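Here is the structure we will look at, set down as structure tokens.
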Amino acid sequence: MFVAPALLLFGVFVLYPMGSALSYAFFSWQGTSRGAFVGFENFVALFTQEPFTTQLPRAFGHNIAFFVGTMLIQNTLGLGIAVLLHRRARTRRMLQTLYAMPYLVSPIVIGYLWTLLLSPTFGPVNALLRQVGLKSWALPWLGDPTTALWVVVLVSAWQWVGFPVLLYGAALGGVPEELSEAALVDGASHWQTFRSIVFPLLVPAIGTVSILTFIFAMEAFALPYALGGSTGNPAGATDFISLLFYRTAFENGSTNAIGSSSAIATLLFVVIFGGAVVATKVLRRHQVRVGA
Amino acid sequence: MTTTLQAPAASAGPHPPTPPRASRRPAGRRGRRTRPVGGLVGSTALWIYAIGALIPLLLMVSNSFRSTSSLYSDPLGAPWPINFDSYRNAWTVGHFGEYFTNSLLVTIGAVTLSTVVSTMAAYALARCRSRIFTILESVFISGLMLPIHLAILPIFYLLDGFGLVDSRLGLMLVYAASGVPFSIFVLTVFFRQLPPELEEAAKIDGANSWVMFWRIMVPLVRPAVATVVVFRFVPIWNDFLFPLVLLRTREKYTVPVGLTTFFGEYSTDWSSLFAGLVIATLPLIVLFLLATKQIVAGLTAGMSK
Chain Z
3 MFVAPALLLF GVFVLYPMGS ALSYAFFSWQ GTSRGAFVGF ENFVALFTQE PFTTQLPRAF
63 GHNIAFFVGT MLIQNTLGLG IAVLLHRRAR TRRMLQTLYA MPYLVSPIVI GYLWTLLLSP
123 TFGPVNALLR QVGLKSWALP WLGDPTTALW VVVLVSAWQW VGFPVLLYGA ALGGVPEELS
183 EAALVDGASH WQTFRSIVFP LLVPAIGTVS ILTFIFAMEA FALPYALGGS TGNPAGATDF
243 ISLLFYRTAF ENGSTNAIGS SSAIATLLFV VIFGGAVVAT KVLRRHQVRV GA
Chain R
277 MTTTLQAPAA SAGPHPPTPP RASRRPAGRR GRRTRPVGGL VGSTALWIYA IGALIPLLLM
337 VSNSFRSTSS LYSDPLGAPW PINFDSYRNA WTVGHFGEYF TNSLLVTIGA VTLSTVVSTM
397 AAYALARCRS RIFTILESVF ISGLMLPIHL AILPIFYLLD GFGLVDSRLG LMLVYAASGV
457 PFSIFVLTVF FRQLPPELEE AAKIDGANSW VMFWRIMVPL VRPAVATVVV FRFVPIWNDF
517 LFPLVLLRTR EKYTVPVGLT TFFGEYSTDW SSLFAGLVIA TLPLIVLFLL ATKQIVAGLT
577 AGMSK
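Protein chains in written order, with the working numbering: chain Z, 3 to 294; chain R, 277 to 581.
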């Protein structure tokens with residue numbers, strides 16, 4: 003049988019662990035041995051017991067801010083660049099390739115690179131700001147709780163902007179030239195043509211990019227880990243759900259670590275899956291409406 | 277991260293990754309007559325942004341060739357005279373030699389294993405029309421949506437049961453399994469495009485299905501296999517959470533976990549830190565230069581509607 007090896011590998015190392023990950027959350031744990039079935043008790047504890055009552059909402063808020071920030075910066079910029087690149091047949095491939103470079107690099111490398119570049123003592127970023135006379139801007143960007151989260155957002159947006167450029171580029175290629183040409187002949191301006199003809203046809207691609215950005219933002223782990231460590235320094239300003247999960251599972255040493263952390267994982271899974279399903283439904287309905 | 281890239285595929289349904297591009301050619305050629313948006317200003321903006329996107333990476337490389345004292349005295353200086361001490365230091369004292377070998381071993385092993393089993397499965401799924409195979413295919417494809425990192429605890433105990441915690445083999449198996457959905461997704465689409473007459477002819481000539489698969493079918497889907505290989509290599513090489521949790525001794529660390537250790541222990545040897553980052557990125561840059569086409573194809577797989 004040709005399918006058997008793949009099924010075995012996938013079943014044992016993906017499906018079975020995914021299933022048990024959800025079941026772990028409904029038991030109480032004594033270290034690594036499973037205790038009684040406790041229903042939703044582990045979930046209730048997440049909302050009633052410290053440190054979760056302070057850390058979980060804070061981390062979730064950061065995930066949401068991260069999602070909104072990357073949507074606004076990375077995907078708007080990406081769409082703009084894709085529109086500019088469209089019809090530049092000669093330079094498009096070259097530029098797309100250049101924009102794509104940063105996202106091949108591991109988020110952990112990117113995170114450490116920026117801690118070095120933003121270092122208050124020898125970082126070239128602050129040195130440059132001082133050089134051009136913006137001395138008051140030469141701040142410890144990652145050391146200040148008010149700016150640290152935005153550094154995470156900006157670094158991530160910088161790394162990933164090439165991705166929406168590619169996807170929107172592919173979607174723009176699928177918009178029939180005849181449509182916009184006809185609109186232009188009828189006297190519509192370039193902006194009107196884009197807004198009323200091209201943009202509605204891009205909605206499915208925008209939807210897909212939004213869903214992917216959402217999943218990505220909810221799962222963020224390596225980049226914040228490199229920029230702020232597993233506790234989300236400074237002062238929890240860059241804490242994310244997956245960091246909280248990691249700390250709960252492997253660093254905090256409570257006897258019910260597996261129960262609590264699995265409850266966090268399950269919650270995160272529900273948020274990701276729920277968000278993706280709802281967004282897909284909305285998108286389908288829109289597609290039916292415009293008849294695409 | 278891996279699921280992030282793969283999910284569109286699942287939601288967009290199975291569309292062949294490359295062929296629509298070719299069919300769109302005529303429209304594209306005609307479009308060239310219309311002026312690009314933004315004109316010269318647009319071009320300039322695009323190039324300026326491209327430089328901006330690359331400067332941090334160029335700084336990483338250039339600073340790795342400077343000594344720590346010169347980095348301190350002149351943060352914006354040029355990498356001259358070139359200094360290789362940082363690389364020597366990172367490679368031997370910082371154990372990057374070991375990390376690099378481990379990463380290569382795990383990544384190549386995992387990509388090979390998952391590509392081989394996925395190619396076989398994709399062939400069967402593309403050819404058999406029975407109900408059970410349709411269900412199997414949707415089970416595999418649903419894996420594109422699963423955030424596998426959330427299953428880290430059960431995976432840890434599963435590997436513990438096999439005695440595979442703190443083992444490169446265990447890590448490799450997990451990576452191989454996590455690559456199956458994407459690989460099957462891309463390869464099934466390609467196998468479906470091959471005409472069934474090919475196999476009928478081979479059967480008449482007396483080839484059994486095993487020979488036919490390896491000698492005839494696999495060579496025909498080589499471009500898709502290349503896409504899968506390249507596209508699985510990157511997330512596995514870069515992955516951080518699995519080795520962080522599953523590996524315990526330094527001799528077995530992969531590059532990303534080795535980096536965190538290195539940054540903890542040598543936090544003042546800036547020049548070597550930059551060198552470590554370059555070493556962690558080098559194979560990807562080599563891969564990128566060799567296979568830009570496959571990377572672009574993989575990223576837009578299923579999106580090219």
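Yeah, the Cβ is synthetic: ideal placement off N, Cα and C, and Gly gets one too.
As the structure is a computational prediction, the values presented were derived from the model and not from experiment.
C-beta neighbour in chain R for residue i, strict 8 Å
{"i": "proline 166 (chain Z)", "result": "no"}
{"i": "alanine 47 (chain Z)", "result": "no"}
{"i": "glutamate 52 (chain Z)", "result": "no"}
{"i": "valine 290 (chain Z)", "result": "no"}
{"i": "methionine 103 (chain Z)", "result": "yes"}
{"i": "phenylalanine 223 (chain Z)", "result": "yes"}
{"i": "phenylalanine 124 (chain Z)", "result": "yes"}
{"i": "glutamine 133 (chain Z)", "result": "yes"}
{"i": "alanine 185 (chain Z)", "result": "no"}
{"i": "phenylalanine 4 (chain Z)", "result": "yes"}
{"i": "alanine 129 (chain Z)", "result": "yes"}
{"i": "histidine 64 (chain Z)", "result": "no"}
{"i": "serine 212 (chain Z)", "result": "no"}
{"i": "valine 111 (chain Z)", "result": "yes"}
{"i": "phenylalanine 29 (chain Z)", "result": "no"}
{"i": "glycine 276 (chain Z)", "result": "no"}
{"i": "isoleucine 260 (chain Z)", "result": "yes"}
Residue i (DSSP reduced to helix, strand or coil)
{"i": "arginine 227 (chain R)", "result": "Only positions 277 to 581 of chain R appear in this structure, which leaves residue 227 (chain R) out of reach."}
{"i": "phenylalanine 466 (chain R)", "result": "helix"}
{"i": "phenylalanine 341 (chain R)", "result": "coil"}
{"i": "glutamine 32 (chain Z)", "result": "strand"}
{"i": "serine 287 (chain R)", "result": "Because the pLDDT at serine 287 (chain R) is just 37, under 50, the model does not fix this residue reliably, and the point stays unresolved."}
{"i": "arginine 300 (chain R)", "result": "Any reading at arginine 300 (chain R) must be qualified, since the residue scores a pLDDT of 40, below 50, and its modelled position is unreliable; the value itself is stated next. Note: arginine 300 (chain R) maps to coil in three-state DSSP."}
{"i": "glycine 37 (chain Z)", "result": "strand"}
{"i": "isoleucine 358 (chain R)", "result": "coil"}
{"i": "valine 290 (chain Z)", "result": "helix"}
{"i": "proline 495 (chain R)", "result": "helix"}
{"i": "arginine 90 (chain Z)", "result": "coil"}
{"i": "valine 313 (chain R)", "result": "coil"}
{"i": "glycine 307 (chain R)", "result": "The pLDDT assigned to glycine 307 (chain R) is 43, lower than 50, so where the model puts this residue is not dependable, and the model offers no usable value."}
{"i": "asparagine 235 (chain Z)", "result": "coil"}
{"i": "tyrosine 451 (chain R)", "result": "helix"}
{"i": "glutamine 76 (chain Z)", "result": "helix"}
{"i": "aspartate 515 (chain R)", "result": "coil"}
{"i": "leucine 352 (chain R)", "result": "coil"}
{"i": "histidine 371 (chain R)", "result": "coil"}
{"i": "phenylalanine 376 (chain R)", "result": "helix"}
{"i": "glutamate 52 (chain Z)", "result": "coil"}
{"i": "glycine 136 (chain Z)", "result": "According to the sequence shown, residue 136 (chain Z) is leucine rather than glycine. Of the three classes helix, strand and coil, the one that applies to leucine 136 (chain Z) here is coil, per DSSP."}
{"i": "alanine 402 (chain R)", "result": "helix"}
{"i": "valine 163 (chain Z)", "result": "coil"}
{"i": "proline 298 (chain Z)", "result": "Given that chain Z is displayed from residue 3 to residue 294, the structure contains no residue 298 (chain Z) and the question cannot be resolved."}
{"i": "tryptophan 490 (chain R)", "result": "helix"}
Test: residue i CB closer than 8 Å to a CB of chain Z
{"i": "leucine 566 (chain R)", "result": "no"}
{"i": "tryptophan 546 (chain R)", "result": "yes"}
{"i": "tyrosine 375 (chain R)", "result": "no"}
{"i": "proline 532 (chain R)", "result": "yes"}
{"i": "phenylalanine 539 (chain R)", "result": "yes"}
{"i": "threonine 464 (chain R)", "result": "no"}
{"i": "isoleucine 340 (chain R)", "result": "According to the sequence shown, residue 340 (chain R) is serine rather than isoleucine. No, because no Cβ of chain Z sits closer than 8 Å to the Cβ of serine 340 (chain R)."}
{"i": "proline 471 (chain R)", "result": "no"}
{"i": "leucine 630 (chain R)", "result": "Chain R is shown from 277 up to 581; residue 630 (chain R) falls before or after that span and cannot be answered."}
{"i": "arginine 306 (chain R)", "result": "Caution is warranted here: a pLDDT of 43 is assigned to arginine 306 (chain R), below 50, making its placement in the model unreliable, and the coordinate value is therefore given only provisionally. Taking Cβ atoms only, chain Z reaches closer than 8 Å to arginine 306 (chain R), which makes this a yes."}
{"i": "tyrosine 399 (chain R)", "result": "yes"}
{"i": "methionine 336 (chain R)", "result": "yes"}
{"i": "methionine 493 (chain R)", "result": "no"}
{"i": "valine 562 (chain R)", "result": "no"}
{"i": "phenylalanine 467 (chain R)", "result": "no"}
Presumed contact (8 Å Cβ cut-off) between residue i and residue j, rounded CB distance
{"i": "serine 379 (chain R)", "j": "valine 531 (chain R)", "result": "4 Å"}
{"i": "alanine 247 (chain Z)", "j": "serine 263 (chain Z)", "result": "The residue you asked about is not alanine; residue 247 (chain Z) is phenylalanine in the sequence shown. Contact holds; Cβ gap of about 5 Å."}
{"i": "proline 104 (chain Z)", "j": "alanine 329 (chain R)", "result": "6 Å"}
{"i": "alanine 222 (chain Z)", "j": "phenylalanine 68 (chain Z)", "result": "6 Å"}
{"i": "phenylalanine 249 (chain R)", "j": "alanine 224 (chain Z)", "result": "Absent from the structure is residue 249 (chain R), since the part of chain R shown begins at 277 and ends at 581."}
Short of 8 Å Cβ to Cβ, which residues in the segment 417-435 of chain R face chain Z? Residues Gly419, Met421, Leu422, Pro423, Ile424, His425, Leu426, Ala427, Ile428, Leu429, Pro430, Ile431, Tyr433 and Leu434.
Tell me which residues of the segment 6-19 of chain Z have at least one Cβ-Cβ distance to chain R shorter than 9 Å, keeping chain order. If the cut-off is 9 Å between Cβ atoms, the segment 6-19 of chain Z has Ala6, Pro7, Ala8, Leu9, Leu10, Leu11, Phe12, Gly13, Val14, Phe15, Val16, Leu17, Tyr18 and Pro19 near chain R.
Examine the Cβ distances between the segment 341-357 of chain R and the segment 502-513 of chain R and report whether three or more of them are shorter than 8 Å. These segments do not touch.
Count the CB pairs spanning the segment 9-19 of chain Z and the segment 213-233 of chain Z that are closer than 8 Å, and state whether there are at least three. Taking 8 Å as the limit for Cβ pairs, the verdict is that the segment 213-233 of chain Z does not touch the segment 9-19 of chain Z.
Near-chain Z residues of the segment 441-453 of chain R (beta-carbon distance less than 7 Å), N- to C-terminal order: Residues of the segment 441-453 of chain R whose Cβ lies closer than 7 Å to any Cβ of chain Z, in chain order: Leu449, Val450, Ala452 and Ala453.
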